[in-house]
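For the first sequence, this note's numbering begins at 260 and goes up steadily by one. From the three backbone atoms N, C-alpha and C, an ideal C-beta is built for every residue, glycine too. Scroll down for the structure; my scribbles are underneath it.
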Amino acid sequence: MTSTYDVLLRRLQAAFDLVAPGADPVLRQSDRGDYQANGVMSLAKQTGRPPRDVAEQIVGLVDLVGVASADIAGPGFLNLTLSPSFMNAQLGVLLGDARMGVASASRAKNVVIDYSAPNVAKEMHVGHLRSTVIGDALARMYRFAGHHVIARNHVGDWGTPFGMLIEHLVDLGEEQAMASLSIGDLDSFYRAARTKFDVDDDFKERSRARVVALQAGDAETRRLWSILVSESVAYFAEVYTKLDITLAPEDVVGESYYNDKLDDVVRDLDQAGLLVESDGALCVFPPGFTNRDGEPLPLIVQKRDEGYGYAATDLAAVRDRVRNLHGDELLYVVGAPQAQHFEMIFAVARLAGWLPENVRCEHVIFGNVLGPDRKMFKTRSGETVKLVGLLDEATERAYAALEERHSDLSESERIHLAVQVARAAVKYADLSTERQRDYIFDLDRMIAFEGDTGPYLQYAHARLRSIFRRLGSTWNSDGASFALEVPAQRHLALGLLAFPEAFELALAALQPHRLCVYLFDLAQRFTAFYEACPVLSAEGALREERLALCDLTARTLSLGLSLLGIEAPDQM
RNA sequence: GCGGCUGUAGCUCAGCGGAUUAGAGCAUCGGUCUUCGGAACCGAGGGUCGGGGGUUCGAAUCCCUCCAGCCGCACCA
Numbered sequence: 260m261t262s263t264y265d266v267l268l269r270r271l272q273a274a275f276d277l278v279a280p281g282a283d284p285v286l287r288q289s290d291r292g293d294y295q296a297n298g299v300m301s302l303a304k305q306t307g308r309p310p311r312d313v314a315e316q317i318v319g320l321v322d323l324v325g326v327a328s329a330d331i332a333g334p335g336f337l338n339l340t341l342s343p344s345f346m347n348a349q350l351g352v353l354l355g356d357a358r359m360g361v362a363s364a365s366r367a368k369n370v371v372i373d374y375s376a377p378n379v380a381k382e383m384h385v386g387h388l389r390s391t392v393i394g395d396a397l398a399r400m401y402r403f404a405g406h407h408v409i410a411r412n413h414v415g416d417w418g419t420p421f422g423m424l425i426e427h428l429v430d431l432g433e434e435q436a437m438a439s440l441s442i443g444d445l446d447s448f449y450r451a452a453r454t455k456f457d458v459d460d461d462f463k464e465r466s467r468a469r470v471v472a473l474q475a476g477d478a479e480t481r482r483l484w485s486i487l488v489s490e491s492v493a494y495f496a497e498v499y500t501k502l503d504i505t506l507a508p509e510d511v512v513g514e515s516y517y518n519d520k521l522d523d524v525v526r527d528l529d530q531a532g533l534l535v536e537s538d539g540a541l542c543v544f545p546p547g548f549t550n551r552d553g554e555p556l557p558l559i560v561q562k563r564d565e566g567y568g569y570a571a572t573d574l575a576a577v578r579d580r581v582r583n584l585h586g587d588e589l590l591y592v593v594g595a596p597q598a599q600h601f602e603m604i605f606a607v608a609r610l611a612g613w614l615p616e617n618v619r620c621e622h623v624i625f626g627n628v629l630g631p632d633r634k635m636f637k638t639r640s641g642e643t644v645k646l647v648g649l650l651d652e653a654t655e656r657a658y659a660a661l662e663e664r665h666s667d668l669s670e671s672e673r674i675h676l677a678v679q680v681a682r683a684a685v686k687y688a689d690l691s692t693e694r695q696r697d698y699i700f701d702l703d704r705m706i707a708f709e710g711d712t713g714p715y716l717q718y719a720h721a722r723l724r725s726i727f728r729r730l731g732s733t734w735n736s737d738g739a740s741f742a743l744e745v746p747a748q749r750h751l752a753l754g755l756l757a758f759p760e761a762f763e764l765a766l767a768a769l770q771p772h773r774l775c776v777y778l779f780d781l782a783q784r785f786t787a788f789y790e791a792c793p794v795l796s797a798e799g800a801l802r803e804e805r806l807a808l809c810d811l812t813a814r815t816l817s818l819g820l821s822l823l824g825i826e827a828p829d830q831m
């Protein structure tokens, strides 16, 4: 179907094109009319004509028959009011549309999304939360839009720490080490290795030798290393299941994957004449970057000791994602501190010709998770907060809240619901603010059932479903049409019709919070409707109409939440 | 020093391709209703949109500048 927004846009565009080809109508929802087109104002400015004249011209040219009426207001605003018949028709189509009006992409793009990226042999902590949650939401949104998502979990599985980790594994014995790792207490494993490394010179020496062996490809060392990796990946999978994240073990393509491609990267850069030796290191100096002394800032590709740094790996990854994965879009869901690093990586990749103009490459930046003191979120004792612990605590709170309100749930139902509510709370809190901002992790606030929270949206959905449960018989929408004579109904209907543009804007800007804003607004429209409009006690056509609005609202909420990676249980 | 991000109601945040009256949630206060699940709804108070300039008929939104906070600025990822 063509969304309501798109119908309006096309009609307006045709009229605008007659006045000034390509002029943007700047169409958006409005509280003045149903929609407003502000493009007249800039068009007037651009042509030097009085806005009202232009507005009148557009109104004369635009064909909105059967769709809407247009009024000129103020200096030259175009307020649009949808016609009842058009709304009825659009809502009627929605009843049979599982996509709730969102068109599927005509050409599926390959979208490579790099997110989560935990470290092998290290616990996942709050620092991984945002990348994981935001990245997964974007992945779900892209898939729904009809694109082919290639998720890349760029785990830290290489580097000097692996010398000590492997030696620690040897010390423990493989069986003991695997047991220790599979319990999920990765931090104590890492800490133990670290401690030995710091206090035991002999261990330190062994660790260094082990790094050399690892890099040289020594078979036994690689085998031991792969134990660490596979145990960790298995652990990550558990965390992802707990969080309901779509990343699979196959998506893990760690830093080590690029090892054998790094020589090539350097050679290519050299042949392109981009490589410069500086202080013994091989660097690229992309224009426009300076250090604190105002001197050109290098991207160090190969260190003085001839080892490769992360820049080389990231460059190899860009190249791989364009050449081999045929990515049309490359997204990196990585925190704000690495902004300059990625700018440089992208700049160098463009210089080297690895990143064609038509490939969109973007660092999807997000801010920090802060504690109540507005500083980086840490435990009281100053340690990083484990993701699993965070979820467990959220689940306990959700469980307690459910226990207080529903004694009729079975134990297993309550546990299952608590898990769903807790995930919703944590994810929605993360997704609902503009991602570049830091946000304060406040479990009390996010798990509240009132206000702009995940659980509130789940609740709105559950209330809707309960109406259909009370109905007893199965309902179908065959007899429904939309007169929308009660303002609350019409207001809700307008919200329903706006789902496609809300989704598309969120996706285009890579801003899941826009979808959150939409869903919360829809939920509020629904509750207002719910107060004003009895459903089950209504009769005849009015009852069918209201049931249909409930059905559409429930489905829109459920779909929208699912695109954020949040479940919408039928009962709470 | 250079660069980036952030600064909107007591608190947490939307709005920032300029445009008609600056919004929401929480909290506070006051109401509604013998609830299709009250985990609800309605209303009120509360804002020099960090400060100051500028562009514009019109700026929270664009430009400049200053202030505050956080982050980055060569061999750790």
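### Query
Is the distance from the Cβ of Phe-725 to the Cβ of Leu-354 below 7 Å?
Correcting the residue identity first, residue 725 is Ser in this sequence and not Phe. No.
### Task
Would you mind listing the alpha helix (DSSP H) stretches within the stretch 309–372 that are 4+ residues and don't spill past its ends, in chain order?
310–320 and 343–354
### Task
Give a yes or no on whether the C-beta atoms belonging to Leu-339 and Ala-348 are separated by under 7 Å.
no
### Query
Where does His-413 sit, in a helix, a strand or coil, going by DSSP?
coil
### Message
For Ser-363, count the other beta carbons within 10 Å of its own beta carbon; 16 or more makes it buried, fewer makes it exposed. Which is it?
### Response
Burial call: exposed.
### Task
Below 6 Å CB to CB, which residues in the same chain sit around Lys-455 once its five sequence neighbours on both sides are set aside?
Phe-462
### Message
Between the stretch 398–409 and the stretch 429–444, can you find at least three pairs of beta-carbon atoms closer than 8 Å?
### Response
no
### Task
Following the continuous beta strand (DSSP E) through Phe-625, name the residue where it begins and the one where it ends.
First-last of the beta strand (DSSP E) with Phe-625: 619–625.
### Message
Can you tell me whether Lys-562 is helix, strand or coil according to DSSP?
### Response
coil
### Message
Quick check on the DSSP output: what are the complete alpha helix (DSSP H) runs of length 4 or more inside the stretch 792–826, in order along the chain?
### Response
799–822
### Query
In this structure, what does DSSP give as the bridge partners for Thr-549?
Pro-555
### Query
Among Leu-690, Asp-283, Glu-514 and Val-318, which one has its Cα closest to the Cα of Leu-856?
Missing from the structure shown is residue 856; the chain here goes from 260 to 831 and no further.
### Query
Per the contact definition of three or more C-beta pairs closer than 8 Å, is the stretch 407–415 in contact with the stretch 521–535?
no
### Query
Exposed or buried, His-585, counting other C-beta atoms within 10 Å across all chains shown (16 or more means buried)?
exposed
### Query
So what does Leu-589 bridge to, in DSSP terms?
Val-371 and Cys-620
#### Entry: Straight-line gap, Asp-210 to Gly-824 (C-alpha atoms, nearest Å)
Residue coverage of the chain in this structure runs from 260 to 831, which leaves residue 210 outside it and unanswerable.
### Task
Give the DSSP-derived three-state secondary structure of Gln-295 in the structure shown.
Here Gln-295 sits in strand by DSSP.
### Task
Assuming Gln-295 and Phe-345 form a contact by the criterion Cβ under 8 Å, report the distance between their Cβ atoms to the nearest whole angstrom.
About 17 Å; that fails the 8 Å criterion.
### Message
Closest to Arg-291 by C-alpha separation, out of Leu-341, Gly-713 and Glu-433, would be which residue?
### Response
For Arg-291, the nearest C-alpha among the options comes from Leu-341.
### Task
With DSSP as the reference, please indicate the residues paired to Asn-378 in a beta bridge.
Gly-415
### Message
Strictly by DSSP, which residues pair up with Gln-288?
### Response
Tyr-294
#### Entry: Assigned exposure category for Glu-382 - 16 Cβ within 10 Å defines buried
buried
### Query
Alpha carbon to alpha carbon, what distance is there between Gln-435 and Val-488?
16 Å
### Query
Lys-304: buried (16+ other C-beta within 10 angstroms of its C-beta) or exposed?
exposed
### Query
In three-state terms, what does DSSP make of Lys-463?
helix
### Query
Going along the chain, which residues of its own chain have a beta-carbon closer than 8 Å to the beta-carbon of Thr-643, five neighbours each way excluded?
Closer than 8 Å at Cβ, skipping near neighbours: Glu-382, His-384, Val-385, Gly-386 and Lys-637.
### Task
Output the boundary residues of the alpha helix (DSSP H) element that contains Ala-767.
758–767
### Task
Using 10 angstroms around the beta-carbon of Pro-334, count the other beta-carbons present and answer buried if the total reaches 16, otherwise exposed.
exposed
### Task
Could you pull out every residue in the same chain whose Cβ sits closer than 6 Å to the Cβ of Asp-781, ignoring the five residues on either side in sequence?
The sequence given here has Leu at residue 781, not Asp. Around Leu-781: Gly-754.
### Query
Are there three or more Cβ pairs, one per stretch, closer than 8 Å when the stretch 531–547 is compared with the stretch 482–499?
no
### Message
So for Ile-706, helix, strand or coil by DSSP?
### Response
Coil, per DSSP.
### Task
Quick one: grab the DSSP three-state call for Lys-634.
coil
### Query
Does DSSP put Gly-301 in a helix, a strand or coil?
Note on identity: in this sequence residue 301 is Ser, with Gly being the wrong assignment. Three-state result, Ser-301: helix.
### Query
Taking one C-beta from the stretch 804–816 and one from the stretch 732–750 each time, how about it: are there three or more such pairs within less than 8 Å?
Yes: the two stretches touch, three or more of their Cβ pairs being nearer than 8 Å.
### Query
What's the call for Asn-583, buried or exposed, on a 16-neighbour Cβ count within 10 Å?
exposed
### Query
Could you give the C-beta distance for Val-560 and Ala-570, rounded to a whole number, given that I count them as a contact under 8 Å?
Contact between Val-560 and Ala-570 is confirmed by a C-beta separation of about 6 Å, below the 8 Å threshold.
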